[in-house]
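Trainee: Below you'll find the structure I mean.
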Amino acid sequence: MSAYDRCAVAIVGGGAAGCATALALAARGVEDVAVVDMGRATGWRLGEALAPTASAALQRLGVWEAFLAQRPLASAGSCASWGRPELGYNDFIVAGQGKGWHVDRAAFDAMLAAAVPAQGGTLLRGLRLGAVGRTADGDHVLELHEEQGGVRRLRAGFLVDASGIAAAAVRRLGVARNEVDCLAFVAGVFALERAEAIPSQALLEACADGWWYAAKLPHERLMLALALEPRRQRQYLDRDVWLVAARTTRHVAQWLAQGGARAPEADGLIAALGPSAILSRVVGTDWLAVGDAASAYDPLTAHGIVKALQDGEAAAHALAAHLQGAGPAPLAAYQEGVFARFRAYLRERGALYARERRWAQAPFWQARLAG
Numbered sequence: 001m002s003a004y005d006r007c008a009v010a011i012v013g014g015g016a017a018g019c020a021t022a023l024a025l026a027a028r029g030v031e032d033v034a035v036v037d038m039g040r041a042t043g044w045r046l047g048e049a050l051a052p053t054a055s056a057a058l059q060r061l062g063v064w065e066a067f068l069a070q071r072p073l074a075s076a077g078s079c080a081s082w083g084r085p086e087l088g089y090n091d092f093i094v095a096g097q098g099k100g101w102h103v104d105r106a107a108f109d110a111m112l113a114a115a116v117p118a119q120g121g122t123l124l125r126g127l128r129l130g131a132v133g134r135t136a137d138g139d140h141v142l143e144l145h146e147e148q149g150g151v152r153r154l155r156a157g158f159l160v161d162a163s164g165i166a167a168a169a170v171r172r173l174g175v176a177r178n179e180v181d182c183l184a185f186v187a188g189v190f191a192l193e194r195a196e197a198i199p200s201q202a203l204l205e206a207c208a209d210g211w212w213y214a215a216k217l218p219h220e221r222l223m224l225a226l227a228l229e230p231r232r233q234r235q236y237l238d239r240d241v242w243l244v245a246a247r248t249t250r251h252v253a254q255w256l257a258q259g260g261a262r263a264p265e266a267d268g269l270i271a272a273l274g275p276s277a278i279l280s281r282v283v284g285t286d287w288l289a290v291g292d293a294a295s296a297y298d299p300l301t302a303h304g305i306v307k308a309l310q311d312g313e314a315a316a317h318a319l320a321a322h323l324q325g326a327g328p329a330p331l332a333a334y335q336e337g338v339f340a341r342f343r344a345y346l347r348e349r350g351a352l353y354a355r356e357r358r359w360a361q362a363p364f365w366q367a368r369l370a371g
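Just so you know, we're using the UniProt record's numbering here: the sequence shown kicks off at 1 and counts up by one.
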């Protein structure tokens, strides 16, 4: 692309939701789609687990074989110490759902991004979004800053914001975001001496300050994250404090011991925020938001990557119909779907937190139970 090229659809954000939108648009015959991959922001989020329902989405998007080539780890489901000291199990196979997977998220996102140009789209890398404006004839104009300091401008007839919780594009259009709650996370990755000793399930364990999440990753690694109140995040970024807390748990500590887990480096912990939030509107006459940019969920509800893929497909279905002459109705239906799913998510989240009352008077749990 030259500095002033135009595309029919510009997608800001090259993560799972953005790439899924582009791939699903290609499958519906929409051409001239550009994905602006701004790279992953500094930080971390839960998102290494795929539920069995991901397989159908990956096949529809045309990336199933590429996904299997990454050799993801099979997952039988999850286990949780939630509301009681002992573990309870949610087994995918017993429930008749098939198997899930644990993936290397960076490799997974790279696989999706590589599929965009392979299926006819344009992938623009190494760019940072600046101003978002309009031309005299109504096109969106994206100011894109290159790593070397240059600036290029991309015109687009339709704008899709898939930039994650920042909602970087539509927030520049003045769209408000409504935040229900916000968790903080402190996470690290352990190398495992005995990876085979770690079960294939993801592990969830509640504690007074919040909850722990652990999952085995490819290449003999274990990801461990603590969810807590944002005001406590700085304290737990001290690796020693974080490790002591992990080792005073019951089930997480057992996994670390039996897997021969080697602790992250002193500067190896990563901090991030995880809001529960939704935009006041997720579509306009010539724009829409998708994935976490539209609605962000508490990772406790385990929607994760599957939500991003399915959101992308839903957005593409609506946008393709709109561009192919169906008018505004598909966009309005897409927005109502996002809102309806968010309402259902809030009920699900409330029910999950209500099941854990062992530390009901602790600040973290007071805030969640009150909500």
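Yeah, the Cβ is synthetic: ideal placement off N, Cα and C, and Gly gets one too.
Return the chain-ordered ranges of every beta strand (DSSP E) run that is complete within the region 280 to 353 and spans a minimum of 3 residues.
Mentor: Complete beta strand (DSSP E) runs here, min 3: 287 to 289.
Trainee: Distance check for Cys19 and Gly13, CA to CA, integer angstroms please.
Mentor: Taking the straight line from one Cα to the other gives about 8 angstroms.
Trainee: State yes or no: is the C-beta of Gly210 within less than 7 angstroms of the C-beta of Phe364?
Mentor: A contact, by the Cβ cut-off of 7 angstroms.
Trainee: Are Asp161 and Ala293 closer than 7 angstroms when you measure CB to CB?
Mentor: The answer is yes: Cβ separation under 7 angstroms.
Trainee: Given Val9, which residues of its chain have a CB within under 6 angstroms of its CB, disregarding the five upstream and five downstream residues?
Mentor: Correct list, in chain order: Val33 and Phe158.
Trainee: Taking the alpha-carbon positions, what's the Val36 to Leu256 distance?
Mentor: Their Cα atoms are separated by approximately 39 angstroms.
Trainee: Do three or more CB pairs link the region 72 to 87 to the region 126 to 141 at distances below 8 angstroms?
Mentor: With a cut-off of 8 angstroms, the region 126 to 141 and the region 72 to 87 do not count as touching, because too few Cβ pairs lie within range.
Trainee: Would you be able to state if there are at least three C-beta pairs under 8 angstroms between the region 280 to 295 and the region 304 to 316?
Mentor: Result yes; three or more Cβ-Cβ pairs closer than 8 angstroms.
Trainee: With the cut-off set at 7 angstroms, would you say Gly150 and Ile198 are in Cβ contact?
Mentor: No; because the gap between Cβ atoms is not below 7 angstroms, this pair is not in contact.
Trainee: Helix, strand or coil: how does DSSP classify Arg262 here?
Mentor: Strand at Arg262.
Trainee: Considering Cα atoms alone, identify which of Gly174, Leu352, Trp242 and Val282 is closest to Ala225.
Mentor: Checking every option, the nearest Cα to that of Ala225 belongs to Trp242.
Trainee: Measure the beta-carbon distance from Ala320 to Arg28 and round it to whole angstroms, keeping in mind my assumption that it falls under 8 angstroms.
Mentor: Their Cβ separation, rounded to whole angstroms, is 4 angstroms, which keeps Ala320 and Arg28 in contact under 8 angstroms.
Trainee: Taking C-alpha atoms, which residue in Ala110, Glu86, Arg84 and Ala54 lies nearest to Lys99?
Mentor: It is Ala54 whose Cα lies nearest to the Cα of Lys99.
Trainee: By the DSSP assignment, the alpha helix (DSSP H) with Gly18 in it spans what residues?
Mentor: Taken as a continuous stretch (DSSP letters only), the alpha helix (DSSP H) holding Gly18 covers Ala16 to Ala27.
Trainee: How would you call Gln335, buried or exposed, if buried means at least 16 neighbouring beta carbons within 10 angstroms?
Mentor: Under this definition Gln335 is a buried residue.
Trainee: Any idea which residues DSSP pairs Leu159 with across the strands?
Mentor: According to DSSP, Leu159 bridges with Ala10 and Trp287.
Trainee: In terms of alpha-carbon separation, which member of Leu112, Ala80 and Ile11 lies closest to Ala57?
Mentor: Checking every option, the nearest Cα to that of Ala57 belongs to Leu112.
Trainee: Would residue 372 and Asp137 be called neighbours here (beta carbons separated by less than 7 angstroms)?
Mentor: With the chain covering only 1 through 371, there is no way to say anything about residue 372.
Trainee: To test your reading of the DSSP string, which unbroken beta strand (DSSP E) runs of 3 or more residues are found completely within the region 108 to 146?
Mentor: Whole beta strand (DSSP E) segments, 3+ residues: 122 to 125, 127 to 134 and 140 to 146.
Trainee: For Val282, which residues in the same chain have their Cβ closer than 7 angstroms to its Cβ, ignoring the five residues on either side in sequence?
Mentor: Hits under 7 angstroms: Leu288, Ala289, Ala294, Gln335 and Val338.
Trainee: Run through DSSP, which three-state label would Arg231 get?
Mentor: Helix.
Trainee: Do Gly325 and Ala24 have their CB atoms nearer than 7 angstroms?
Mentor: Against a cut-off of 7 angstroms, the Cβ pair of Ala24 and Gly325 comes out as no contact.
Trainee: Below 8 angstroms on the Cβ atoms is my contact criterion, and I expect Ala214 with Ala202 to pass it. Report the Cβ-Cβ distance as a whole number of Å.
Mentor: Correct: roughly 7 angstroms between the Cβ atoms.
Trainee: Helix, strand or coil for Ala360? Go by DSSP, reduced to three states.
Mentor: Three-state result, Ala360: coil.
Trainee: At the level of alpha carbons, what is the spacing between Tyr345 and Arg232?
Mentor: Their backbone Cα atoms lie some 26 angstroms apart in a straight line.
Trainee: Among residues of its own chain, excluding the 5 on either side of Glu220, which ones have a beta-carbon nearer than 7 angstroms to its beta-carbon?
Mentor: Answer for Glu220: Ala191, Leu192 and Ala195, listed in chain order.
Trainee: Does the beta-carbon distance from Leu352 to Leu300 come in below 7 angstroms?
Mentor: Cβ distance < 7 angstroms, so Leu352 and Leu300 count as in contact.
Trainee: Between Asp240, Gly284, Leu273 and Gly274, which lies nearest to Ala263 when the distance is taken from Cα to Cα?
Mentor: The shortest Cα separation from Ala263 among Asp240, Gly284, Leu273 and Gly274 belongs to Asp240.
Trainee: What is the DSSP secondary structure of Gly164, counted as helix, strand or coil?
Mentor: The answer is helix: DSSP assigns Gly164 an H, G or I state.
Trainee: Where does Gly43 sit, in a helix, a strand or coil, going by DSSP?
Mentor: Summary for Gly43: the model assigns pLDDT 40, below 50, so the residue's position carries little reliability; its value from the coordinates is reported in the next sentence. Coil at Gly43, not helix or strand.
Trainee: Whole-angstrom Cβ separation of Ala329 and Thr21, contact assumed at under 8 angstroms?
Mentor: Actually they do not touch by this definition, with Cβ atoms about 19 angstroms apart.
Trainee: To the nearest angstrom, how far is the alpha carbon of Arg105 from that of Leu228?
Mentor: Looking at the two C-alpha atoms, the distance is approximately 22 angstroms.
Trainee: For chain C, check one thing: does any of its Cβ atoms lie closer than 7 angstroms to the Cβ of Asp181?
Mentor: No chain C appears in the structure shown, which is made up of a single protein chain.
Trainee: Anyone know if the C-beta pair for Arg153 and Val141 falls short of 7 angstroms?
Mentor: In contact: Arg153 and Val141 (Cβ atoms closer than 7 angstroms).
Trainee: Using the Cα positions of Ala354 and Glu31, report the straight-line distance between them to the nearest angstrom.
Mentor: When rounded, the distance between both Cα atoms is 47 angstroms.
Trainee: Could you spell out the range, first to last residue, of the alpha helix (DSSP H) harbouring Arg60?
Mentor: Where Arg60 is concerned, the enclosing alpha helix (DSSP H) stretches over Ala54 to Arg60.
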